[in-house]
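K.L.:
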Amino acid sequence: MLWMCLYLPHLPIEIHTRGGDIDGPMAVSVKEAGRDYVGFCNEAAGQLGVVVGQRLATAQALCGQLRVKPRDFDAECVALENLAAWLSQFSSFISFEGSQTVFIEVGGSLQLFGGAQALSKRVQEGLNALGYVCAWVVAPFPRAAALLARAGRSCWLQDSRAVKLAVGETPIDCLELPAETRQGLQSLGLRCVAECFALPISGLAKRFGKELVIYLDRLQGHAAEPLKPYSPPLRFSSCIDLPAATEQTEALLFVAKRLVIELVGYLRGRGAGAQRLLWILSHEKNTSTRFQIGLVAPSREESHFVELLRTRLDRVQLSQPVYALGLLVEDMVPLAASDQPLWGKTQPQEAWALLVERLASRMGEDALHGLVGADDHRPERAWRTAKLGEARPKTAQKNDDRPIWLLDSPQALSVSNNWPHKNGKLEILSGPERIETGWWDEDVVDRDYYVARNESGERFWIYRERKHEQKWFVHGVFA
Amino acid sequence: MNADMVNLDGLMQQGNVWRAGDARAREQVGIPTGFDELDTHLPGSGWPMGALTEILCDRQGMGELSLIMPALARLSHEGRWLAWIAPPHIPYAPALATHGVDLSKVLVVHPRAETDMLWTIEQALRAGTCGAVLVWPRLISENNLRRLQLAAETGKSWGILFRSTWAATQSSPAALRLRLDPTQSGGMSVRVLKRRGGWPTGPVYLNGLSG
């Protein structure tokens, strides 16, 4: 078993900066003994003299425009869970600890991803794309990996000897132990962990308790580390706050891209594709605008999802500024990885799907439809709108003379000398064709249809009502 | 310079200048129209693919759609889609089926806003998956026509624009321009106003297009 531990030192502040660059100093405050201290701060704040551990009041005095947010442990855990979902494309065993540490079992994945260096590079680049910075350590023992990652080292330790060496160099202060234990060890004159390893176990146990011994054993791999496995949720849901309320498409797309990267990682982990994406744009006062974007076929291509959202956003006028963007995907469909690129040589099927998605994305799905014939003698019911491609070829073609254009609804014709007129006097060419039907649903049609032509050469499909005043109507055009 | 100077571009547009280096016209293969006499007047013996065709007529109900039905039917059976963009009336499914069109390849689009119209036509032409794109533009500028012509070339699709005869005075990058007029006998006369690699020609008289 080989473990990769990822430690995200700035996660508490990154969850606020993920949504876009914050220009200006920012800090996350933590409460200790009733007082507020600076827990994390960004570069801009650091340049103005804000330091981690300072009293918040001091920091605010040093820097007037400091934006302060209290530490939100729950939000951090949610972000870490979404990150774990993204990581599930690399491994089937993921565990996290606290709100800043993730363990991934990579022993089984090394071959597929081309070795530990390649894998860790990919993970790191992916995390950067998502807006995080991390330290990564790959080692046979998770506890050792965690210790080194927290100490800020990024490395790959291949065997227990290397682990012992690396861990040995770590100062006592970095150990994940209560403060008294660490102070006690330091008061014994110990400076680094290697010196602890050299001491007899029974003595340590008597002085500091069993927990220290178990911890040291876990560091060296002598004792097993129980880790609680994480299972990705059945649906994908993630949300990023924007640094400032905005209506600009580019700002929204920047955040959307990050959400889509998370989604694609999650989908890869599940070996699935998404077909319906629900985008939720949150406005103030708990209102939100929702877009449902549907795909013709399930996919997990990043660029595809982002392009469809861009097409929709180009079309829509946002009534209010957006504070946060969320993405929800509930039904997923198993999808094998395809080795054909989406762009470049597209197959006709894909080209068709792309066209339909683009049109539907911009104008809404009900702006497109197909046609299908129906079994009904009433002309207005002998056809209906259909899903694209729904029509099946009919074996027996009706050979009745029917016009290519049907009017949306029959138009009354002006009559002069008891003869119908449309742009001139109409000459009957053929007919009557009697259509008398519809008694079962009370939409009774009782008409005599004729093909008629006027002096300008226009040919129409007209009818006369047999009852009800025997009016003349035009119903179609023989184009 | 001087108003009497001939506008070379205008002449090129109208197909009045034959360019020796223009080998494209010779290699063109068109979709047979289904009317042999009309085919003999068209370069490539048929409708030009990868280009725009303008059908100019002032009246509906002459047979302007029946003229292209055989070609549409053929395209639909070859697996290419027929896109009707904002048709003026309902394309009547039973009639299309009688003309041999495979209904499962028919797409009807209703763009909501004017701004969507041009974009939709361009997308449909460019996609390549639509064999024919039928459009009834109200007013379209030469620049936009050029854009559509380019899109048709990219997607190797056949764009069909139905316009009224006054558009004949506007120059156009369309590869083929036909003018339809009714005849006394109840048929239709087809004049080729512009075609690639040839002079205007016609009229061809077609009867019995019952549409």
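Protein sequence lines correspond, in order, to chains A and B.
For the numbering used here, add 3 to where a residue sits in the first sequence, where the first one is 1.
For the numbering used here, add 13 to where a residue sits in the second sequence, where the first one is 1.
Glycine included, every Cβ here is placed at the ideal spot set by N, Cα and C.
1. Thinking just about the alpha-carbon of each residue, which of A:Ser419, A:Trp408, A:Ile438 is nearest to the one in Ala482 (chain A)?
2. Indicate whether Arg125 (chain A) and Tyr10 (chain A) have their beta-carbon atoms separated by less than 8 Å.
3. Does any residue of chain A bring its CB to less than 8 Å from the CB of Thr167 (chain B)?
4. Quickly, what does DSSP pair Tyr453 (chain A) with across the bridge? List them, please.
5. Take Asn426 (chain A) and list the residues in its own chain whose beta-carbon comes closer than 7 Å to its own, dropping the five residues that flank it on each side.
6. Tell me where the alpha helix (DSSP H) around Gln320 (chain A) begins and ends.
7. Measuring only between beta-carbons, confirm whether Tyr466 (chain A) sits less than 8 Å from chain B.
8. In chain order, what residues of the same chain have a beta carbon less than 6 Å from the beta carbon of Ala2 (chain A), not counting five sequence neighbours either side?
9. Based on DSSP bridge pairs, tell me the residues matched to Ile173 (chain B).
10. Using CA atoms only, rank isn't needed, just tell me which of A:Trp89, A:Trp475, A:Asp220 is closest to Ala455 (chain A).
11. With burial defined as no fewer than 16 other Cβ atoms inside 10 Å of the residue's Cβ, what is the status of Arg194 (chain A): buried or exposed?
12. Do Ile173 (chain B) and Thr46 (chain B) count as a contact pair if the criterion is CB distance below 8 Å?
13. If we cut at 8 Å on Cβ distances, does Arg125 (chain B) have a partner in chain A?
14. Could you work out which residue in A:Val41, A:Cys66, A:Ala82, A:Ala138 is closest to Met7 (chain A) when comparing CA atoms only?
15. For Phe96 (chain A), which three-state DSSP category applies?
16. If the cut is a Cβ gap below 8 Å, which residues of chain B does Pro354 (chain A) touch?
17. So for Gly381 (chain A), helix, strand or coil by DSSP?
18. Is the distance from the Cβ of Lys169 (chain B) to the Cβ of Leu189 (chain B) below 8 Å?
19. Can you name the start and end residues of the alpha helix (DSSP H) that Cys199 (chain A) belongs to?
20. Does Met130 (chain B) have its Cβ less than 8 Å from a Cβ in chain A?
21. For the segment 359 to 385 of chain A, which residues have a CB atom closer than 7 Å to at least one CB atom of chain B, in sequence order?
22. Could you work out which residues of chain B lie near Ser459 (chain A), taking near to mean beta carbons separated by less than 7 Å?
23. Out of A:Leu328, A:Leu362, A:Ala247, A:Arg74, point me to the one whose CA is closest to Met130 (chain B)'s CA.
24. Check for me: the beta strand (DSSP E) holding Leu371 (chain A) runs from which residue to which?
25. Identify whether Gln183 (chain B) lies in helix, strand or coil by the three-state DSSP scheme.
26. Identify the contact partners of Trp94 (chain B) in chain A, using a Cβ-Cβ distance below 8 Å as the criterion.
27. What would DSSP say about Tyr105 (chain B), mapped onto helix, strand or coil?
28. Could you check whether the Cβ of Trp408 (chain A) sits closer than 8 Å to any Cβ belonging to chain B?
29. When the Cα of His381 (chain A) is compared with those of B:Asp115, B:Pro107, B:Val119, B:Leu85, which residue comes out closest?
30. What first and last residue would you give for the alpha helix (DSSP H) that runs through Thr173 (chain A)?
31. Determine the direct distance from the alpha carbon of Val55 (chain A) to that of Leu219 (chain A), and round the result to whole angstroms.
32. Where Ala201 (chain A) and Pro246 (chain A) are concerned, what is the direct C-alpha to C-alpha distance, given to the nearest angstrom?
33. Which same chain residues end up closer than 6 Å to Pro73 (chain A) when comparing Cβ atoms and leaving out the 5 residues on each side of it in sequence?
34. Buried or exposed: which applies to Ile16 (chain A), given that a residue is buried once 16 or more other Cβ atoms fall within 10 Å of its Cβ?
35. Determine the contact status of Gln103 (chain A) and Pro12 (chain A), defining contact as a CB-CB distance below 8 Å.
36. Specify the secondary structure class of Gln343 (chain A) as computed by DSSP and reduced to three states.
P.N.:
Reading it off the structure:
1. A:Trp408
2. no
3. no
4. A:Ile465
5. Asn457, Ser459, Glu461
6. No alpha helix (DSSP H) holds Gln320 (chain A); DSSP gives it neither H nor E.
7. no
8. No statement about residue 2 (chain A) is possible, as the shown extent of chain A runs from 4 to 482 and does not include it.
9. B:Thr66, B:Leu147
10. A:Trp475
11. exposed
12. no
13. yes
14. A:Ala138
15. coil
16. The residue asked about is misnamed: residue 354 (chain A) is Ala in this sequence, not Pro. Chain B residues near Ala354 (chain A): Ala140, Gly141, Thr142.
17. The sequence shown places Arg at residue 381 (chain A), not Gly. Residue state, collapsed to three classes: coil.
18. no
19. 196 to 201
20. no
21. Arg361, Leu362, Arg365, Met366, Ala370, Leu371, His372, Gly373, Leu374, Val375, Gly376, Ala385
22. Arg72, Pro195
23. A:Leu362
24. 371 to 376
25. coil
26. Trp355
27. coil
28. yes
29. It is worth fixing the name first, because residue 381 (chain A) is Arg in this sequence and not His. Checking every option, the nearest Cα to that of Arg381 (chain A) belongs to B:Pro107.
30. It is not in any alpha helix (DSSP H) - Thr173 (chain A) carries neither H nor E in the DSSP assignment.
31. 29 Å
32. 51 Å
33. Ser32
34. buried
35. yes
36. Here Gln343 (chain A) scores only 47 on pLDDT, less than 50, and its place in the model is too uncertain to base an answer on.
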